[in-house]
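**Student:** Structure incoming, see below.
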Amino acid sequence: MHLPNLEEAKDRTSKENKYINLDENYKKVFQGKKYFLRTYGCQMNVHDSEALRAYLETLGFTSTEKIEYANVVVLNTCAIRENARDKVIGFLGKCKYLKKNRDNFKIVLAGCMSEQPDVIEDIRKNHKYIDIIIGTHNLPDLPKLLLESFNKQVIEVYSNSDEVIEGFNYERDSKYTAWVNIMYGCDKFCTYCIVPYTRGRERSRRLESIIKEVEDLKNKGYKEVTLLGQNVNAYGRDINETFSHLLECVAKTGIERIRFVTSHPWNFTDEMIKVIAKYKNIMPYIHLPIQSGSNEILKKMNRRYTREEYLDLFHKMKEKIPGVSITTDIIVGFPGETRKDFEDTLDIVKTCEYDGAYTFIFSPREGTPAAKMKDDTPISEKETRLQELNELVNYYSNKSNQKLLNKTVEVLILGDSEKDPNKVYGYTDTMKLVNVNGPKDIIGKIVNVKITETKSFSLDGDYIDEKIVA
Ligand code: SAH
Ligand code: SF4
Ligand code: F3S
27 MHLPNLEEAK
37 DRTSKENKYI
47 NLDENYKKVF
57 QGKKYFLRTY
67 GCQMNVHDSE
77 ALRAYLETLG
87 FTSTEKIEYA
97 NVVVLNTCAI
107 RENARDKVIG
117 FLGKCKYLKK
127 NRDNFKIVLA
137 GCMSEQPDVI
147 EDIRKNHKYI
157 DIIIGTHNLP
167 DLPKLLLESF
177 NKQVIEVYSN
187 SDEVIEGFNY
197 ERDSKYTAWV
207 NIMYGCDKFC
217 TYCIVPYTRG
227 RERSRRLESI
237 IKEVEDLKNK
247 GYKEVTLLGQ
257 NVNAYGRDIN
267 ETFSHLLECV
277 AKTGIERIRF
287 VTSHPWNFTD
297 EMIKVIAKYK
307 NIMPYIHLPI
317 QSGSNEILKK
327 MNRRYTREEY
337 LDLFHKMKEK
347 IPGVSITTDI
357 IVGFPGETRK
367 DFEDTLDIVK
377 TCEYDGAYTF
387 IFSPREGTPA
397 AKMKDDTPIS
407 EKETRLQELN
417 ELVNYYSNKS
427 NQKLLNKTVE
437 VLILGDSEKD
447 PNKVYGYTDT
457 MKLVNVNGPK
467 DIIGKIVNVK
477 ITETKSFSLD
487 GDYIDEKIVA
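If you use my numbering, the sequence shown corresponds to residues 27 to 496, in order.
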């Protein structure tokens, strides 16, 4: 695979989404047909699925929750760990069975698995019933591929292109919060991670089209945007822009809430911290993955920072951004991780008292450097470490939630609570989940809520009144 360097990337052209106005012929073929879409993986995939839905619905398909009624099944897959892949393979078994009894039943494999050479080889050999494999870079080719596949059997694989496509249509899941891609890909090459291979090189979207998208969302009544990238701090390196400048421009649109994921601790500048602290509509919430507390392991992971540098940054954020909530990602059982290395990780968790953490056991990904590293820690030991880590992480997220007891916080209400149909739910500006006792007509609004009970992963509260907008 050819990986362009930064100089080459600068010459890359961005282009407008070419399939927005679809030919009427497409519609005739697909009218009345149904699609079933299932999404695995991270926010990037969740947002890509919103683009896939927009294509399918523009073509004339309607959505169904029942796979038995579908004419097209789209699996937007994830490859980050083996269990993510296993889930997809399991589900494909069901699709294969359904396909046996149906004529017009097409299976589309999208997402990160469809960018992995070993997966494609396996599909060509063992899963010939899959009709279309479409890469993460080529969502706009879905209409063309679908049309071809309803005419004949095609398996088409699209892989790495450097284009940045602007102006995607999205069939968004929410009317109140929206994902906004600011860049694609990742150049960090952490040694355990598959993402640089499945998503390609870092490519930034144009600042003006991001701002226009946010303004349009604001005009449609959206209250919150999440700026999306594998490593948002790197935004603009290829187009002579910076993330802090983008963030400031987004803040000035006046949209009520702005957050961003994910931040790599490397290259998180003082300017970014200054902008976050300055604007009230930038949420005081930062997801700052540490991965490991051991310098030895961080080096083997190619994370490009030491625990000391991470802690300096962490303390600076806590000092400069009032009330900031910081969450993290941690991998246990990286090849060669000793008990002492693991204790360094526990120590970081105790120092940082994270508001929350996603924890994972290392999963070797074919084609990444870490998959070839010597790993002699038994899986049972890794599981014990994970459990020990989770207990500590839960202790601190509980502790940070308890600080909110009896306090009044602002919550963006998103819908009916899953826990209790009489309640609604939403998130604080620090991204804490709150189940709220209150009327249904506050859905879609930012309201004041008094916290009455705290748990490890959520809060309960009573609605007080609506936020006064200055
Ligand atoms: N771009 C983001 C996260 C991408 S993946 C970042 O750099 O922070 C989300 C998380 O999955 C990572 O932060 C890491 O903790 C975990 N992860 C990635 N590859 C993994 C692997 N091979 N095994 C276990 N966990 C992994
Ligand atoms: Fe993967 Fe590292 Fe890139 Fe995150 S920064 S996506 S962990 S390579
Ligand atoms: Fe998975 Fe791809 Fe996201 S591998 S975590 S869906 S970028």
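Cβ coordinates follow ideal geometry from the N, Cα and C atoms, glycine included. For clarity, every value in this text was computed on a predicted model and none was experimentally measured.
#1: Counting C-beta neighbours from all protein chains within 10 Å, is the total for Thr252 16 or more, i.e. buried, or is it exposed?
#2: What do you reckon, are the CB atoms on Lys244 and Phe176 nearer than 8 Å?
#3: In whole angstroms, give me the CA-to-CA distance for Thr377 and Thr288.
#4: Count the other CB atoms, across all protein chains shown, that sit within 10 Å of the CB of Phe483; report buried if there are 16 or more and exposed otherwise.
#5: In angstroms, rounded to a whole number, what distance separates the CA positions of Lys408 and Asn127?
#6: Are Asn339 and Pro291 close, meaning C-beta to C-beta below 8 Å?
#7: Can you give me the Cβ contacts of Ile323 inside the same chain, cut-off strictly under 7 Å, excluding the 5 residues immediately before and after it?
#8: Quick one: does the C-beta of Tyr261 sit closer than 7 Å to a heavy atom of the ligand SAH?
#9: Could you tell me the alpha carbon to alpha carbon distance between Asp488 and Arg333, rounded to whole angstroms?
#10: Rounded to the nearest angstrom, what separates Ile146 and Ile374 at their Cα positions?
#11: Could you give the distance in angstroms between the alpha-carbon of Asn71 and the alpha-carbon of Thr456?
#12: In the DSSP assignment, what are the bridge partners of Glu250?
#13: Cβ-heavy atom distance between Gln69 and the ligand SF4 below 7 Å?
#14: So Phe386 is in the beta strand (DSSP E); what residue range does that whole segment cover?
#15: Using only the alpha-carbon positions, how far apart do Ser423 and Asp381 sit?
#16: Hey, which residues come within less than 6 Å of the ligand SF4, measuring from Cβ to any heavy atom, in chain order?
#17: With distances taken Cα to Cα, identify the nearest neighbour of Glu234 among Arg64, Gly226, Gly262.
#18: So, Val419 versus Val473, is the Cβ gap smaller than 8 Å?
#19: Run through DSSP, which three-state label would Lys481 get?
#20: Could you pull out every residue in the same chain whose Cβ sits closer than 6 Å to the Cβ of Leu32, ignoring the five residues on either side in sequence?
#21: Measuring only from the beta carbon, is Gly193 closer than 7 Å to any heavy atom that is part of the ligand F3S?
#22: Are there any heavy atoms of the ligand SAH lying less than 7 Å away from the beta-carbon of Asp488, as far as the coordinates show?
#23: Verify the contact flag: Arg391, CB atom, against every heavy atom of the ligand SAH, threshold strictly below 7 Å.
#24: Can you determine whether any heavy atom of the ligand F3S sits closer than 7 Å to the C-beta of Gly137, and answer yes or no?
#25: If I measure Cβ to Cβ from Glu492 and keep anything under 8 Å in the same chain, skipping five residues before and after, which residues do I get?
#26: Give the DSSP-derived three-state secondary structure of Leu438 in the structure shown.
**Tutor:** Reading it off the structure:
#1: Taking the first residue of the sequence shown as position 1, residue 252 is located at position 226. By the 10 Å Cβ count, Thr252 comes out buried.
#2: Counting from one through the sequence shown, the residue named residue 244 turns up at place 218. Counting from one through the sequence shown, the residue named residue 176 turns up at place 150. Taking 8 Å as the Cβ cut-off, Lys244 and Phe176 do not qualify as a contacting pair.
#3: Your numbering for residue 377 matches position 351 in the sequence shown. Your numbering for residue 288 matches position 262 in the sequence shown. When rounded, the distance between both Cα atoms is 21 Å.
#4: Taking the sequence shown and counting its residues from 1, the one referred to as residue 483 is at position 457. Result: exposed.
#5: Reading the sequence shown from its first residue, position 382 is the one you call residue 408. Reading the sequence shown from its first residue, position 101 is the one you call residue 127. Cα-Cα distance, rounded: 44 Å.
#6: Taking the first residue of the sequence shown as position 1, residue 339 is located at position 313. Taking the first residue of the sequence shown as position 1, residue 291 is located at position 265. For clarity, residue 339 is Leu in the given sequence; the question names Asn instead. Closer than 8 Å, so yes.
#7: Walking along the sequence shown from the start, residue 323 turns up at place 297. Taken in chain order, the residues that qualify are Phe360, Glu363, Asp367.
#8: In the sequence shown, residue 261 corresponds to position 235, counting from 1. Answer for Tyr261: no, Cβ out of range of the ligand SAH.
#9: Translated into the one-based positions of the sequence shown, residue 488 becomes position 462. Translated into the one-based positions of the sequence shown, residue 333 becomes position 307. In a straight line, the C-alpha of Asp488 is about 40 Å away from that of Arg333.
#10: In the sequence shown, counting from the first residue as 1, residue 146 sits at position 120. In the sequence shown, counting from the first residue as 1, residue 374 sits at position 348. Computed Cα separation, rounded: 40 Å.
#11: On the sequence shown, position 45 is the one that residue 71 refers to. On the sequence shown, position 430 is the one that residue 456 refers to. Straight-line Cα distance between these residues: approximately 23 Å.
#12: For the purposes of this step, residue 250 is taken as residue 224 along the sequence shown, with counting starting at 1. Beta-bridge pairing links Glu250 to Thr203, Arg283.
#13: Indexing the sequence shown from 1 puts residue 69 at position 43. No, the Cβ of Gln69 stays beyond 7 Å of every heavy atom of the ligand SF4.
#14: Position 360 of the sequence shown holds residue 386. Per DSSP, Phe386 belongs to the beta strand (DSSP E) from 382-387.
#15: Taking the first residue of the sequence shown as position 1, residue 423 is located at position 397. Taking the first residue of the sequence shown as position 1, residue 381 is located at position 355. Taking the straight line joining both Cα atoms gives about 5 Å.
#16: Cys212, Lys214, Phe215, Cys216, Cys219, Val221, Pro222, Gln256, Asn257, His290
#17: Along the sequence shown, read from residue 1 onward, the residue named residue 234 stands at position 208. Selected option, being the one with the closest Cα: Gly262.
#18: Translated into positions along the sequence shown, residue 419 becomes position 393. Translated into positions along the sequence shown, residue 473 becomes position 447. Taking 8 Å as the Cβ cut-off, Val419 and Val473 do not qualify as a contacting pair.
#19: Here residue 481 refers to the residue found at position 455 when the sequence shown is read from its first residue. In the structure shown, Lys481 sits in coil (DSSP, three-state: anything other than H, G, I, E or B).
#20: Here residue 32 corresponds to residue number 6 of the sequence shown, with the count starting at 1. Here the model assigns Leu32 a pLDDT of 36, short of 50, so the residue's position is not dependable, and the following value carries that caveat. Contacts found: none.
#21: Locating residue 193 in the sequence shown gives position 167, where the first residue counts as 1. Answer for Gly193: no, Cβ out of range of the ligand F3S.
#22: On the sequence shown, position 462 is the one that residue 488 refers to. No, Cβ of Asp488 sits at least 7 Å from all heavy atoms of the ligand SAH.
#23: Walking along the sequence shown from the start, residue 391 turns up at place 365. Indeed, a heavy atom of the ligand SAH lies less than 7 Å from the Cβ.
#24: Numbered from 1 along the sequence shown, position 111 holds the residue referred to as residue 137. Yes.
#25: By 1-based counting over the sequence shown, the position of residue 492 is 466. Within the same chain, Glu492 has close Cβ partners Ile468, Lys471, Ile472, Val473, Asn474.
#26: Within the sequence shown, residue 438 is the residue found at index 412, counting from 1. In this structure, Leu438 counts as strand in the three-state DSSP scheme.
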